[in-house]
Amino acid sequence: MKLATGVTALALAAMANAATFTVTVGIRETDGQQGLGFDPSAILPQAGDTIEFTFQLPGYIKNGVDVQHTVTQSTFEAPCTPKEGGFDTGLQTTTTTGGKTFALPVNDTQPLWFYSYANNDCNAPMVLAVNPPLTGQTAASFQEAAKTATINHPVPHSSSSSSSSQPSKTSTGSGSGPTGGSGSGGGAMANEINSVLAFSAFLLALM
Ligand SMILES: *[C@@H]1O[C@H](CO)[C@@H](O)[C@H](O)[C@H]1NC(C)=O
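My numbering runs 104 ahead of the 1-based position in the sequence shown.
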């Protein structure tokens, strides 16, 4: 699985236009700290790109806590309900070391909607919009709807009895403000932009 992901990444890197969109699970986009969110919470990949969901906390988080989340595909109409046959990581632990990564190839630019079904994550709202329309079914309206939506879990494939009781773990993040003051947030997209800027500066320095 790891190998396959690596090979896919290499193959995509060889294609000029393919990009990887890294989304960190369990980071608030607003302040870059651990909490109930995807960072970033809206992305615009193209066909051939890959979304990489990572449960690995970024290195700048010094006092990370292990918290369970999921990345589960839903629909705009029911933000916190699994889409039939959709993508689902199942419960995973966001953690400082050894956090798992899941790759999802993007095949077109149709909107895709995701949430975390752990605890009350989805109502936070811990949701992600992929290629959301700029009018009508927007990322903002999806987030708003998720705040009051009923949270449903995927039905286990092979289960003898009915309801699965999910381990309930105290959620962290809400309430504890940013520890590092300003500038520590940003997320993957900002990091990429920073890298591009740094590289440009490097090129300029060579001239
Ligand atoms: C894109 O296609 C691949 C291969 O069929 C599939 O595994 C993946 O789930 C698709 N991506 C989305 C977002 O549906």
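Glycine included, every Cβ here is placed at the ideal spot set by N, Cα and C.
TODO: Could you say which of G163, N167, F125, G168 lies nearest to Q150 if we only look at CA atoms?
DONE: F125
- [ ] Could you tell me which residues DSSP pairs with L216 in its beta bridges?
- [x] V234
- [ ] Please state whether DSSP places A228 in a helix, a strand or coil.
- [x] coil
TODO: Please name the residue in N235, C184, V171 whose C-alpha comes closest to that of T252.
DONE: Ranking the options by Cα distance to T252, first place goes to C184.
Open item on the list: Can you tell me whether G247 is helix, strand or coil according to DSSP?
Closed with: Position check: residue 247 holds Gln in this sequence, whereas Gly was assumed. Correct three-state label for Q247: helix.
- [ ] Might you give, ordered along the chain, the residues of its own chain that have their beta carbon closer than 6 Å to the beta carbon of A123, omitting 5 neighbours on each side?
- [x] So the list reads D153, once near-sequence residues are dropped.
Open item on the list: Using a strict less-than 7 Å threshold between each residue's beta carbon and the heavy atoms of ligand 1, what residues do you get?
Closed with: F191, L208, P209, V210, N211, L216
Task: Three-state secondary structure assigned by DSSP to H257 - done: coil
Task: Neighbourhood of T179 by C-beta, 8 Å cutoff - its chain only, sequence neighbours within 5 removed - done: T185, K187, W217
- [ ] Would you list, in sequence order, the uninterrupted beta strand (DSSP E) runs of no fewer than 3 residues that lie entirely inside the stretch 169 to 220?
- [x] 171 to 173, 176 to 178, 196 to 198, 205 to 209, 216 to 219
- [ ] Go ahead and label P237 buried or exposed: buried means 16 or more other beta carbons lie within 10 angstroms of its beta carbon, across all protein chains shown.
- [x] Looking at its Cβ environment, which holds fewer than 16 other Cβ atoms inside 10 Å, P237 is exposed.
TODO: Tell me whether G139 sits in a helix, a strand or coil according to DSSP, three-state version.
DONE: strand
Open item on the list: Against chain B, does G141 count as a neighbour if the rule is that its beta carbon must be under 8 Å from one of theirs?
Closed with: Note that chain B does not occur in the displayed structure, where there is just one protein chain.
Task: DSSP-derived helix/strand/coil call for F147 - done: One point to set straight first is that residue 147 is Ile, not Phe, in the sequence displayed. In the structure shown, I147 sits in a strand (DSSP, three-state: E or B).
Task: Per-residue DSSP class, three states only, for Q241 - done: Q241: coil per DSSP, three-state reduction.
Open item on the list: Measuring straight from C-alpha to C-alpha, what distance separates G279 and G202?
Closed with: At G279 the pLDDT is 38, less than 50, meaning the model places this residue with poor confidence and gives no usable figure here.
Open item on the list: So T134 and F157 are supposed to be a Cβ contact under 8 Å. How far apart are they, rounded?
Closed with: Wrong, their Cβ atoms sit about 19 Å apart, outside the cutoff.
- [ ] Tell me whether the beta-carbon of G163 lies closer than 8 Å to the beta-carbon of Q138.
- [x] In this structure, G163 sits away from Q138, with a CB-CB distance that is not shorter than 8 Å.
- [ ] Flag this pair as yes or no: are the beta carbons of V171 and G130 separated by less than 8 Å?
- [x] Their beta carbons are under 8 Å apart, which means V171 touches G130 by this criterion.
- [ ] Determine the closest residue to Q160 out of T176, D143, T198, with distance taken between C-alpha atoms.
- [x] T198
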